[in-house]
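Peer 1:
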């Protein structure tokens, strides 16, 4: 799991993500997940100097998904992309839901398990306060 802090904004984090995407072989699929608008992503794409951003074939393998719940994040993860980027999982957890805490925690654990090679752009403030996130010393 890779973590980028949005302390200085989302767009600088996305530029770091784009550098990672540029190291992937052509044909590998990437999905960018968030629960707001793709404005930061669009801005980063417009500013990016990464060659793959201008390559129509490579861009076909880059997908954007707007989600509204932990369940919808798992549905996207079911699509088996080669690289998963999740922006503000912290905010997705806070979306209104009819799920109880136990179920939300199970879904969150499953997301973290399945996206263990993913990139998370997050400050983790909410999760640190209301969920158990232990430093495993890794």
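In our numbering, the protein residues as written are 465 to 602.
Where a beta carbon is used, it is the ideal one built from N, C-alpha and C, also for glycine.
(1) In the region 544-596, which residue ranges form an unbroken alpha helix (DSSP H) of at least 4 residues, counting only runs that do not cross its ends?
(2) Drop a sphere of 10 angstroms on the beta-carbon of residue 467, count the other beta-carbons inside from all chains shown, and report buried for 16 or more, exposed for fewer.
(3) Figure out for me which residue from 586, 513, 511 and 544 has the closest Cα to the Cα of residue 525.
(4) With H, G and I counted as helix, E and B as strand and the rest as coil, what does DSSP make of residue 495?
(5) For residue 564 and residue 556, I'd like the C-alpha separation in whole angstroms.
Peer 2: The answer reads as follows:
(1) Listed in chain order, they are 553-557, 565-578 and 589-594.
(2) By the C-beta density criterion, residue 467 is exposed, having fewer than 16 other C-beta atoms within 10 angstroms.
(3) The shortest Cα separation from residue 525 among 586, 513, 511 and 544 belongs to 544.
(4) strand
(5) Using only the alpha carbons, I get a separation of about 15 Å.
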